[in-house]
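Some notes on the structure that comes next.
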Amino acid sequence: MVVTLFYLTFVLFFKHKFIFTFLFVMFFNPVIIAMKKFALLAAVVAAFVYLPLQAQNPPAAPKKVVIKGTVNNPQSKLMSINIFANPLTNPFSYTDTLDDKNSFRIIFDLGIPIPVLLVHGRGLSVPLYLEPGDSLVVTANGQNYAGDMQVVGTGKNHQLFLRDFDRTFAMRGITYNNPEKVRLLDFDAYRKFADSLRTAQTGFLQDFSQKNAVTESFKAYAQILIDYPWATALLNFPNDHARYSGLQTIQIPPNYSNFLEQMKFLNDDAILIPAYVQFIDAFFNSAFNQQVISITPSYNYDNLYTDQYDFAAKVLKGKAVFYTKARAFAEGCNNGRIENIFTKYQDFVNTNPYPEYKEVVDYMYNANKYLAAGSPAPQFTLESIEGKKVSLSDFKGKVVYLDFWATWCGPCKQQLPHSKVLKEQFAGKDVVFMYVSTDKDRTQWENYVKKEALPGVQLIATGADAQRIGEVYQVRGIPKYFIIDRNGNIANSKPRRPSEQPIVVQQIEEALSIK
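So the sequence shown is numbered by my numbering: it starts at 37 and just counts up by one.
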């Protein structure tokens, strides 16, 4: 069994009410949490507290779940069951390898019904819904994984519903995000379209349940899959309609948000279902944009994640508050000013009652605490393009603008001409522009640097050096920048890119002023 953990990427949506002046979309980058150990997850899988229909009954003792089968024309030897044990991490995985007959067998303990993904290789997946004691036999074709899959055994009707539901709606293009519907329909027409699709999906569930034996747990889960995407689509429509139509401003009808009154708005029991989490993200981010960003002239995005952290309790309740605070903390570590979001760490430790969220926040805090402003910059020694060993400490007494990049990175290369201009602005001052390439091909890197006549200190990190520097500087994506002051301390862990002048110039000058 192999367990892998990452942070889920969620698409963030927009506002559900009020007068709407076109607001820009905030899409957050994924926060990758590569934890080597995450002790809570195994216990969560076995003891899973999940759907509302289970809330009134004490949890039953875990039972074995068996998923076995055969994959014809396999695209990989790897099979896995991915379980969503925490909305802030990627699935907890049970894995097996296809044998010489292309067969697999995965067994694990389960206490409460859960949705999972049956994954073949790294790109093919089919949703399943499992209950304690289920035993399923799967026959699949690697060349048409989802389309040709057959399932028999205990709980097969739940899987048949998910398959037929997908074939009836999504695979036929009958979805809420149909570009033609979103672009052409006005608010009333889109609401009617969304309501009709929700009604059709609910009718499909009712008809299937009458003809096939399904549990009450599954019906509750299926209804969540119907209701929350409907609400998320309506939340998202104003922004999507403006974007598809090329509109700069748009007026939301006064009663547009009434749809939220038709459903259970907050549902702690559904916090592990992706459709519900996407709804929470949609509602929260749209409310934040409307009630904070849009009413604040020249909003300071250095405060984005701390403001989101504080705002969570104003519009959410229950577990959703602490999920959103933990998400803001994690994203603040990755995408914001670390020293700013760190001011919320002790508050989270003191008030959060959910250990699974605390583990995520603790991990992000410990992984990033050496990168907060004022902390000594992690030291490194790398080879320069001249073939010499160069250390960061060689430049103590100067401000260093540190740029992690690679020749294969389009956004990185787009910044290089701006970086040349920025360097010229600080000519004659105690500022060093240091570029650390993560290229694996040294020759390609050397040729590119020489061809483009790139200035500054050009270094390359390969092998163990690349792994170490990536860990200590939390380089999960490039380009990535730091400003290091004369004393060798982090001055700014999230400075602006070279193209973002005059702000980046001001940030470097602030570092120069540190004695």
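We treat Cβ as the ideally placed atom computed from N, Cα and C, and that holds for glycine.
This structure is a prediction, so every number in the text was calculated from the model and none was measured.
### Message
Taking the straight line between their C-alpha atoms, what separation do you get for L428 and P531?
### Response
Our two residues, L428 and P531, have alpha carbons roughly 18 Å apart in a direct line.
### Task
Give, in chain order, every unbroken run of the beta strand (DSSP E) that is at least 3 residues long and sits entirely within the segment 201–225.
For the segment 201–225, not a single whole beta strand (DSSP E) run of length 3 or above is found.
### Task
Measure from the alpha carbon of F319 to the alpha carbon of each residue in A267, P534, V472 and F120, then state which is nearest.
Checked all of A267, P534, V472 and F120; the closest Cα to F319 is A267.
### Task
Give the secondary structure of R373 by DSSP, where H, G and I count as helix, E and B as strand, and everything else as coil.
Coil.
### Message
Tell me which residue opens and which closes the alpha helix (DSSP H) that P447 is part of.
### Response
Per DSSP, P447 is one residue of the alpha helix (DSSP H) stretching across G446 to Q461.
#### Entry: D132 CB to nearest heavy atom of the ligand GTP below 8 Å
The ligand GTP is not part of the structure shown, which contains no ligands of any sort.
#### Entry: Secondary structure of K137, DSSP reduced to three states
Of the three classes helix, strand and coil, the one that applies to K137 here is coil, per DSSP.
#### Entry: Beta-carbon contacts of N528 that lie in its chain and below 8 Å, excluding the five residues immediately before and after
Cβ neighbours of N528 beyond the five flanking positions: R373, A409, F518, I519, Q543, E546 and A547.
### Nearest to D305 (by Cα), restricted to the options A182, Q298 and I260
The shortest Cα separation from D305 among A182, Q298 and I260 belongs to I260.
### Query
From this set, F462, K487, K486 and I421, which residue's C-alpha is nearest A497's C-alpha?
When only C-alpha atoms are compared, the closest one is I421.
### Query
Three or more beta-carbon pairs under 8 Å between the segment 277–288 and the segment 232–244, yes or no?
The segment 277–288 makes no contact with the segment 232–244, as fewer than three CB pairs between them are under 8 Å.
### Query
Does the separation of the CB atoms of S293 and E167 fall below 9 Å?
Remark: C-beta atoms of S293 and E167 do not approach each other more closely than 9 Å.
### Task
Pull up the CB-CB distance for S112 and G157, whole angstroms please, since I reckon it's below 8 Å.
The pair is a contact, with the Cβ atoms about 3 Å apart (cut-off 8 Å).
### Query
At which residues does the alpha helix (DSSP H) containing V26 begin and terminate?
For the chain, the structure presents residues 37 to 551; residue 26 sits outside this window and is missing.
### Task
Could you name the residues of the same chain whose beta carbon sits closer than 6 Å to that of K353, not counting the 5 residues immediately before and after it, in chain order?
Cβ neighbours of K353 beyond the five flanking positions: L302.
### Message
Given a cut-off of 9 Å on the beta-carbon distance, is the pair G147 and K99 in contact?
### Response
Here G147 is near K99, since their CB atoms are less than 9 Å apart.
### Counted within 10 angstroms of its Cβ, other Cβ atoms place G499 as buried (16 or more) or exposed
An exposed status is given to G499, since fewer than 16 other beta-carbon atoms sit within 10 Å of its beta-carbon.
### Query
Three-state secondary structure (DSSP) at L89?
Residue confidence is low: L89 scores 40 on pLDDT, short of 50, so the model does not pin down where it sits. Its coordinate-derived value is still stated next. L89 falls in the helix class under three-state DSSP.
### Task
Note the first and the last residue of the continuous beta strand (DSSP E) segment covering K99.
Per DSSP, K99 belongs to the beta strand (DSSP E) from K99 to N108.
### DSSP state of T268 mapped onto helix, strand, coil
Reduced to three states, the DSSP call for T268 is helix.
### Query
So which of F324, V426 and I117 has the shortest CA-CA distance to A349?
Selected option, being the one with the closest Cα: F324.
### Task
Since I believe I143 is in contact with I119 (beta carbons under 8 Å), could you give me their beta-carbon distance rounded to a whole number of angstroms?
Between the beta-carbon of I119 and that of I143 there is about 14 Å, and that puts the pair past the 8 Å contact cut.
### Message
Less than 9 Å between the C-beta atoms of N248 and F315, yes or no?
### Response
No, the pair does not count as a contact, with Cβ atoms beyond the cut-off.
### Task
Could you say which of L490, T443 and F416 lies nearest to D430 if we only look at CA atoms?
With distances taken between Cα atoms, D430 lies closest to F416.
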